[in-house]
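Worksheet: one structure, shown below.
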Amino acid sequence: MPAPASAGEVTAAAAPTIPYVWPYPGSYVRTGVDVTIEVRVAADVDHVVVYDGKTGERLTELTGAPRATWRYVWTASAGSVSPDLEPVSTTGVVGARVRTGYGFDDVPPVVDSLFFQFPGGGGSQVTDRVGPSGTLSYGIQENTWATVDIWSIDGVVIPEMQEGDWSYPPRAEPYLLRIQVMDGAGNWGERTFSLRVDATAPTVTSVVPANGTRVRGSLVHSSLVASDESGINRAHLVGAYEDVTAPYAASVPAGADGPRVLTWRVWDMLGNITTVERTVTVDNTGPVVTWVGPANGALIRGARISSGVTAADPAGVLKAQLSGAVADTSAPYSSTIAAGKDGVRTLTWTVWDRLGNTTVLRRSVTVDNTKAKVAFVKAPKNKAKVKGTVKVTASASDRNGVTRVQLLINGKVVATDLKAAYQFSINTRRYGKKIKIQLRAYDKAGNVTTTSARTWYRN
Ligand SMILES: [Ca+2]
Ligand SMILES: [Ca+2]
Ligand SMILES: [Ca+2]
Ligand SMILES: [Ca+2]
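Note that the sequence shown covers residues 1 to 459 in the UniProt record's numbering.
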């Protein structure tokens, strides 16, 4: 539109224009079809001159009411060039010539694919199956551009399906979905898809671990096998990443010991979902082990040490092993090891449950195969002559302690003293003319020491 002149200003008459031409200049038309060219002009236009687009020959003039639609029918024969339009104002000013420049498109669109997308993400190219609800979209081959489509099911046009909305229940016979597409030149292409609805969720054929399984570790590993007539889209172990390729496997943190629910969700290619749950028991705890013997701090005498434990575990006990010995696989668990040299010795038991959890228990014992030292302190010497009551005192010592000292006469124990200083009274009258005297000491480990004999002669 020309700008209005301000008061007192002298302006040249503006050139008239054609603000609207349909079809748009440069768009496509079909060969051999009469094209009605519509023109709307500014109020100052008196008429529009139509020229042949190829030869420039003046063909006709269009006139009519201002702001109304003026029409010119052009026969679009092969090789012809669409006309040029030139506005002329009521005052005889000639405007710029508009070149319509229409191209030819005689090739209809080809609908070559259909794609189904289900809610919640996921989709696939349709062959003959779709889900019960989702969104359909189609692909086309088209040499210019498509402008209009019409969707129909079983021969009935469904206008709302232009958004691709699909929501149809399964039925015995397939749905016949027809998609008609028109290009900008008015060529129509169409394709009919025969669609069955799969509303059946996947079949889960196995989940590992099985319900009730006891598992060990910081992660619970799980895998799943599923099938579906439309194929599996993906599987998701809740708490882990989705797995989009079979075999489906995932891991979730095990958490504390006790029951752990594994929830798998499996999608078929059309959005049907199966959810399965398995409950496993997390067990990262070794067996409860009870020490049988020897007691902590015990003194051990002999060449070997015997030790034993009992154990219990909800998963079962696999074996128990005393360090230095072979494992024992049946309760009660017992083993022996060489005692070795005197001194403190640590006994280590390791006990495994059937999942591989271990419990280690340790006790210390002291090996003592060294006899106590025992000696006469005050006593008649060997071959001494004695009479009446004779006093004997003795000393005894041992690194780990002495439990008792005994007096032997003629090879028989006649007195025992449990505490130092060890002393004995001997009424020599109770024995014969010749008395054989010995001392014997027991250390706390049970080692026995016997002195050589002194022989006394009674007066
Ligand atoms: Ca076309
Ligand atoms: Ca299915
Ligand atoms: Ca356990
Ligand atoms: Ca000793």
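We treat Cβ as the ideally placed atom computed from N, Cα and C, and that holds for glycine.
None of these values were measured; they are calculated from a predicted model.
Item, Value
"Span of the beta strand (DSSP E) holding M182?", "175-183"
"Using the Cα positions of G316 and S251, report the straight-line distance between them to the nearest angstrom.", "25 Å"
"Nearest CA to the CA of residue 460: which residue from V402, G302, A172, W151?", "Nothing can be reported for residue 460, as the shown portion of the chain is limited to 1 through 459."
"Pop quiz: V50 and P83 are said to be a contact at Cβ under 8 Å. What is the actual Cβ separation, rounded to whole angstroms?", "5 Å"
"My guess is that K444 and D398 are in contact by the Cβ rule of under 8 Å, so how many angstroms apart are they, rounded?", "7 Å"
"Could you have a look at P159 and say whether DSSP puts it in helix, strand or coil?", "helix"
"Rounded C-beta distance between A303 and A339? I'm assuming under 8 Å.", "6 Å"
"Any heavy atom of ligand 3 closer than 6 Å to the Cβ of T285?", "yes"
"Let me check you understand the geometry: is the CB of N272 closer than 6 Å to at least one non-hydrogen atom of ligand 2?", "yes"
"Distance, Cα to Cα, V448 vs A441?", "6 Å"
"Could you check if N357 is buried or exposed, using at least 16 other CB atoms within 10 Å of its CB as the buried criterion?", "buried"
"Sort A384, D198, P108 by Cα distance to D128 and report the nearest one.", "D198"
"Give me, in chain order, the residues of the same chain whose beta-carbon lies closer than 6 Å to that of L407; leave out the 5 immediate sequence neighbours on both sides.", "V414, A415, F424"
"Quick check: the segment 170-189 against the segment 96-108, are there 3 or more CB pairs under 8 Å?", "yes"
"Compare the C-alpha of A421 against each of R97, N284, D228, V392 and name the closest.", "V392"
"So T428 packs on V386, CB below 8 Å; how close in whole Å?", "5 Å"
"Tell me the rounded alpha-carbon separation between I273 and Y138.", "25 Å"
"R71: which of E38, L59, T17, G101 sits nearest, CA to CA?", "E38"
"Would L193 and L219 qualify as a contact pair, given that the criterion is a beta-carbon distance under 7 Å?", "Per the sequence shown, residue 193 should be read as Phe rather than Leu. No, the pair does not count as a contact, with Cβ atoms beyond the cut-off."
"Helix, strand or coil for R30, going by three-state DSSP, please let me know.", "coil"
"State the Cα-Cα distance for the pair Y119 and V35, rounded to the nearest angstrom.", "It is Pro, not Tyr, that sits at residue 119 in the sequence shown. If I take the Cα positions, the gap works out to 44 Å."
"With S222 and T205 assumed to form a contact (beta carbons below 8 Å), what rounded beta-carbon distance in angstroms separates them?", "In fact, because the Cβ distance is near 14 Å, the residues do not count as touching under 8 Å."
"Taking the CB atoms as reference points, tell me whether V238 and V280 lie closer together than 7 Å.", "no"
"Could you have a look at T91 and say whether DSSP puts it in helix, strand or coil?", "coil"
"Between D353 and P259, is the Cβ-Cβ spacing less than 7 Å?", "no"
"Under a Cβ-count criterion, where at least 16 other Cβ atoms within 10 Å of its own Cβ denotes burial, should E142 be classed as buried or exposed?", "buried"
"Counting Cβ pairs, one atom from each stretch, are 3 or more of them under 8 Å apart for the segment 305-312 and the segment 377-385?", "no"
"When you compare only the Cα positions, how much space is there between V367 and K436?", "34 Å"
"Run through the DSSP bridge pairs and tell me what R234 is partnered with.", "W267"
"What's the call for G411, buried or exposed, on a 16-neighbour Cβ count within 10 Å?", "exposed"
"Who are the near neighbours of E57 in its chain, counting only those whose CB is closer than 8 Å to its CB and skipping five residues on each side?", "Y51"
"Could you check if N369 belongs to the surroundings of ligand 3, using beta carbon to heavy atom distance under 6 Å?", "no"
"Among W291, V326, M269, R234, which one has its Cα closest to the Cα of V360?", "W291"
"Let me check understanding here. Comparing Cα to Cα, which of P25, V282, E190 lies closest to G155?", "E190"
"Mapping the DSSP letters down to three states, classify T428 as helix, strand or coil.", "helix"
"Is there at least one Cβ from chain D nearer than 7 Å to V208's Cβ?", "Note that chain D does not occur in the displayed structure, where there is just one protein chain."
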